[in-house]
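Participant: Going down the list, the protein sequences come from chains A and B. Mapping of the first sequence onto the working numbering: position 76 corresponds to residue 76, and the numbering continues sequentially without gaps. Mapping of the second sequence onto the working numbering: position 16 corresponds to residue 16, and the numbering continues sequentially without gaps. Next up is a structure, given as structure tokens.
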Amino acid sequence: MGSMLRHIAGHLAQALLLLIGVVVAIFCLLQLIPGDPVQAMVGDMPVPPALRAALEQRFHLNEPFLSRLYGYLVNILHGDLGYSMNYRRPVFDILAERFPRTLLLAGVGYAFGILIGIAIGIHSAVTPHRSVDRAWSSLVLIGYAMPTFWVGQLLVIVFSIQLGWLPTQGMGPMISRASGIDWLLERATYLVLPVATYTILETTRVARFMRASVSETLEQGYIVTARQKGLSRHEIIMGHVVRNSILPVITVMGYSFGTAMGGAVLLETVFSYPGVGSLMVEAVRARDTQVIVGVVILVACSVVFMNIVVDLLYAWFDPRIRVSSAQS
Amino acid sequence: MPAEPGAVLPVPSNRFRTAAPFDLLRRLFRTRFGGIGLVILVAISLLSIFAPWFASSGPADIGSPSLQPPSWQHPFGTDSLGRDVRSVLLFAGRSSLTIGFCAAAMAFLIGGTIGALAGYFRGAFAAVLLRITDLFHTLPAIIIVLFTVSLMGASFWLQVAAVALAIWPIEARIVYGQFITLSEREFVLAARATGLSTPHIIFKEILPNALPTVIVQVALDASTAILIEAGLGFLGLSDPAVPSWGEMLNRGQEFLELAWWMSVFPGMAICVAVLGFNMFADGVTEMFNPRASATAPKLEG
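As structure tokens, this is what we get:
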């Protein structure tokens with residue numbers, strides 16, 4: 001257990017450094033904006049003198065570079081991400097309201113995608129029929145080439161506009177009289193299309209890694225041994241192949257969570273879903289810099305957090321990892 | 001299957017350098033997807049370059065009745081401004097493909113340089129470069145692009161630079177991996193022992209051997225760049241003066257209920273272009289990695 005703790009501590013320290021690096025990089029980029037920094041923070045709106053003085057004091061604008069950077073970092077560590085002139089609310093509050101929605105959407109789609117992707121990847125790699133493998137490979141290749149938001153648009157055209165089965169956008173009806181289970185079901189119908197789009201996107205990514213990983217596992221010596229022991233095909237696949245092939249897929253999960261968060265930007269716009277992604281787009285359109293920076297930091301935090309989770313899962317699955325990292 | 005990113009492709013060096021272009025092409029066409037990929041890429045490039053020959057009207061001609069469904073006269077319909085969608089699509093392909101090729105080339109220059117330096121010199125210097133790479137790799141590409149565009153504005157070439165800024169870390173990782181592996185190989189050690197200069201070793205010994213892997217990654221980068229541009233255009237944040245496939249989708253979103261053809265065809269164009277790059281990358285991988293497919297010709301030098 002000691003090795004596990006040390007493994008966790010090492011990763012947490014690295015993650016913290018990475019996040020500080022992201023904030024410093026953002027800070028430096030913000031310095032590059034030509035013109036008045038207070039104006040840039042507020043966006044395309046007039047700045048009253050009182051606000052200007054307050055902002056200058058809060059961000060230490062009249063002090064040298066390093067002390068400004070320090071002040072910026074301290075503010076962020078206190079959860080002070082600034083104030084949005086566009087929404088007239090603190091950035092932290094907006095994010096706290098919207099992030100759970102994005103997590104719901106991306107999380108459900110992500111989970112479905114991983115499960116279906118793993119299944120397709122395994123089937124594609126172990127199937128004795130070349131044509132089946134080729135069909136899955138082609139499908140995955142096409143799925144991988146489709147822009148996420150366009151898949152969303154296609155689903156809207158088919159299921160909402162042509163067939164009229166599902167609502168096109170939003171999180172729920174404007175006025176709802178439903179309650180209890182009905183309310184939940186009503187909400188769920190709004191989630192079907194965005195979640196389905198996420199799932200398609202995630203499935204193609206995972207399936208492609210899983211197929212490569214399973215093909216590699218199949219060539220290992222212990223599979224040959226298992227076959228010679230007389231284990232059935234089913235026993236070999238479930239007992240040996242799946243367990244050993246999932247590890248490499250887990251490592252890419254952290255990064256692909258980042259892509260899912262990136263996908264949120266476009267998908268939430270297609271479905272007018274009020275999450276963090278559509279917030280980012282609204283903020284870019286309104287030149288609401290504080291909000292943009294807030295979203296960037298939030299996404300960086302969640303990706304780094306996901307990477308830690310993935311590392312821990314990995315170490316838990318494969319004891320060799322934590323032993324070797326504790327030794328180094 | 002799309003190419004496995006970062007896989008070291010075993011290439012006997014002299015074989016690759018002396019192989020006739022025609023021979024390479026023939027081997028590409030023997031792979032599962034490589035030939036189709038190349039044909040797609042050449043076809044869409046020609047269609048865009050010679051757009052005036054294939055288009056029935058200019059990209060800004062608004063003479064036709066608006067929102068017409070596909071017909072013999074307008075195979076892809078007309079848009080809300082009364083332009084022939086097929087014609088706009090052909091002209092828009094120019095900017096979308098330019099972004100794909102140029103952003104990938106730029107990402108290769110940035111990422112390739114950083115990866116090569118880190119991989120060749122190692123030590124603390126490499127560690128710093130790799131941490132910077134990680135920093136950029138943490139954020140999803142579209143977020144980096146949106147952030148950059150919001151700060152710097154959205155002129156066409158700034159957009160290309162923003163996309164390159166978002167995708168170079170993968171390139172750096174791949175080149176780094178190649179340099180780490182290759183600089184331990186006997187022929188590089190021999191070159192060092194003979195006292196050949198560092199630039200000679202990097203450009204004449206290591207780079208040619210890393211080439212297949214790098215080509216695969218640049219092709220994948222180009223497809224990523226086209227997808228990012230599509231996203232940016234769709235959000236209405238690309239250069240408004242330059243028509244692109246993403247920008248067409250942005251217009252289409254508004255008319256999703258009235259005119260599906262305004263969204264379906266530009267999306268298909270993006271899909272085909274990305275598919276072309278990915279298939280090409282897949283083919284090159286298979287060509288130099290006999291294990292990837294049993295039917296591929298073996299590469300004994």
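Beta carbons are placed, not taken as given, at the ideal position from N, Cα and C, and that holds for glycine. Note that this is a predicted model, so its numbers are computed, not measured.
1. Please go through the same chain and pick out, in chain order, the residues whose beta-carbon is closer than 7 Å to the beta-carbon of threonine 148 (chain A), but skip the five residues on each side of it.
2. Residues of chain B with CB under 7 Å from isoleucine 114 (chain A), in chain order?
3. Check the Cβ-Cβ distances between valine 216 (chain B) and every residue of chain A, and say whether any is below 9 Å.
4. Under three-state DSSP, which class holds glutamate 300 (chain B)?
5. With H, G and I counted as helix, E and B as strand and the rest as coil, what does DSSP make of tyrosine 273 (chain A)?
6. For proline 169 (chain B), count neighbouring C-beta atoms within 10 Å of its own C-beta (all shown protein chains included) and say buried if the count is 16 or more, exposed if not.
7. Keeping to the same chain, check which residues put their C-beta closer than 8 Å to that of asparagine 62 (chain A); ignore five residues upstream and five downstream.
8. Does the beta-carbon distance from phenylalanine 108 (chain B) to serine 48 (chain B) come in below 9 Å?
9. For threonine 259 (chain A), which residues in chain B fall below 7 Å Cβ to Cβ?
10. Which runs of the alpha helix (DSSP H) spanning at least 4 residues fall entirely within the stretch 69 to 142 of chain B, listed in chain order?
11. Kindly indicate if chain A contains any beta-carbon less than 9 Å away from that of glutamate 286 (chain B).
12. Quick one: measure Cβ to Cβ for arginine 32 (chain B) and glutamate 286 (chain B), integer angstroms, because I've assumed they're closer than 8 Å.
13. Please confirm whether alanine 166 (chain B) and isoleucine 144 (chain B) have their CB atoms less than 9 Å apart.
14. Does the stretch 242 to 259 of chain B come into contact with the stretch 117 to 132 of chain B, if we say contact requires no fewer than three beta-carbon pairs (one atom in each stretch) closer than 8 Å?
15. Does any residue of chain A bring its CB to less than 9 Å from the CB of serine 56 (chain B)?
16. To which residues does DSSP link proline 90 (chain A) through a beta bridge?
17. By alpha-carbon positions, which one of A:Ser215, A:Tyr190, A:Leu218, A:Tyr144 ends up nearest to leucine 220 (chain B)?
18. Cβ of aspartate 282 (chain B) less than 9 Å from any chain A Cβ?
19. Taking 9 Å as the threshold (beta carbon to beta carbon), is alanine 158 (chain B) in contact with chain A?
20. Please name the residues in the stretch 229 to 263 of chain A whose beta-carbon is closer than 7 Å to at least one beta-carbon of chain B, in chain order.
21. What is the rounded straight-line gap between the Cα of phenylalanine 288 (chain B) and the Cα of arginine 187 (chain A)?
22. At least one CB of chain A closer than 9 Å to the CB of glutamine 253 (chain B): is that the case?
23. How many whole angstroms separate the CB atoms of valine 149 (chain B) and leucine 46 (chain B), which I take to be in contact at a CB cut-off of 8 Å?
24. Does any C-beta atom of chain B lie closer than 9 Å to the C-beta of isoleucine 142 (chain A)?
25. Nearest-angstrom Cα distance between phenylalanine 121 (chain B) and isoleucine 142 (chain A)?
26. Against chain B, with Cβ distances strictly below 9 Å, would proline 329 (chain A) count as a contact?
27. Please confirm whether alanine 145 (chain A) has its beta-carbon closer than 9 Å to some beta-carbon of chain B.
28. If you follow the alpha helix (DSSP H) that proline 21 (chain B) is in, where does it begin and where does it stop?
29. On a Cα-Cα basis, can you pick out the residue from B:Leu97, B:Ala269, B:Ser183 that is closest to alanine 116 (chain B)?
30. Between threonine 269 (chain A) and serine 245 (chain A), how many whole angstroms is the CB-CB distance? I'm expecting something under 8 Å.
Facilitator: This is what the structure gives:
1. Thr197, Leu201, Gly263, Leu266, Leu267
2. Those do not exist, as isoleucine 114 (chain A) stays about 18 Å from chain B at its closest Cβ, beyond 7 Å.
3. For valine 216 (chain B), no CB of chain A lies under 9 Å from its own CB, so it is not counted at the interface with that chain.
4. Summary for glutamate 300 (chain B): the model assigns pLDDT 27, below 50, so the residue's position carries little reliability; its value from the coordinates is reported in the next sentence. Correct three-state label for glutamate 300 (chain B): coil.
5. Three-state result, tyrosine 273 (chain A): coil.
6. The residue in question, proline 169 (chain B), is buried, as its Cβ has 16 or more Cβ neighbours within 10 Å.
7. Glu56
8. no
9. Pro140
10. 85 to 121, 123 to 138
11. no
12. About 6 Å; that satisfies the 8 Å criterion.
13. yes
14. no
15. no
16. A:Tyr83
17. A:Tyr144
18. yes
19. Sequence inspection shows leucine at residue 158 (chain B); the alanine mentioned does not correspond to that position. No - not a single Cβ of chain A is within 9 Å of the one on leucine 158 (chain B).
20. Gly258, Thr259, Met261, Gly262
21. 51 Å
22. yes
23. 31 Å between Cβ atoms; not a contact.
24. Closer than 9 Å to some Cβ of chain B, the Cβ of isoleucine 142 (chain A) qualifies, so yes.
25. Computed Cα separation, rounded: 40 Å.
26. For chain A, the structure presents residues 1 to 328; residue 329 (chain A) sits outside this window and is missing.
27. yes
28. 21 to 29
29. For the set B:Leu97, B:Ala269, B:Ser183, the Cα lying nearest the Cα of alanine 116 (chain B) is the one of B:Ser183.
30. Not confirmed; about 36 Å, so no contact.
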